[in-house]
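Visitor: Take this structure first; my questions come after.
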Amino acid sequence: CPRCSCPAPQFSWRNKKRPPALRPPRTLALADKVANRREQLTEATCITEMSVMMACWKQNDFNDTPCAEEIRTFYDCVAKAEKEHKNQNDDTLSSRGNLPSSKVNKLLKRFPQITRYV
1 CPRCSCPAPQ FSWRNKKRPP ALRPPRTLAL ADKVANRREQ LTEATCITEM SVMMACWKQN
61 DFNDTPCAEE IRTFYDCVAK AEKEHKNQND DTLSSRGNLP SSKVNKLLKR FPQITRYV
């Protein structure tokens, strides 16, 4: 200090050590593709219809004719579930907000990362 005899304040790090410089081991760029992961299985559909149909079969010694109504109901439910599954748009996010790995790979292929400069 100019006014007193104390030494000038030094702005040094604790224990005279600087914090480590954070250097990434690789360049910070996205990879060109991601690992293929199985998408989460959705919940099973038509379980109640199937259990009613199987209970009817068990009561009638696995004879189809008395259980025709239950069988038709089950097949109608399966057809409806398949139709809903086909109508889902593949480009939209899932309910959890994730894209499937195949869609991510398509996007990464469209926009590749430039890792080398000419």
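Position one of the sequence shown corresponds to residue 1 (full-length UniProt numbering), numbered consecutively onward. The C-beta atom is built at its ideal place from N, Cα and C for all residues, glycine as well.
Count the other CB atoms within 10 Å of the CB of residue 119; is the residue buried (16 or more) or exposed (fewer)?
Guide: In the structure as shown, the chain starts at 1 and stops at 118, and residue 119 therefore has no counterpart that could be examined.
Visitor: Taking the alpha helix (DSSP H) that D76 belongs to, which residues open and close that run?
Guide: Element bounds for D76: 68-87.
Visitor: Can you grab the Cα-Cα spacing for the pair A44 / W57, in whole Å?
Guide: 21 Å
Visitor: State the Cα-Cα distance for the pair T59 and M50, rounded to the nearest angstrom.
Guide: Per the sequence presented here, residue 59 reads as Gln, with Thr not at that position. Cα-Cα distance, rounded: 14 Å.
Visitor: Could you tell me the alpha carbon to alpha carbon distance between T27 and K86, rounded to whole angstroms?
Guide: 41 Å
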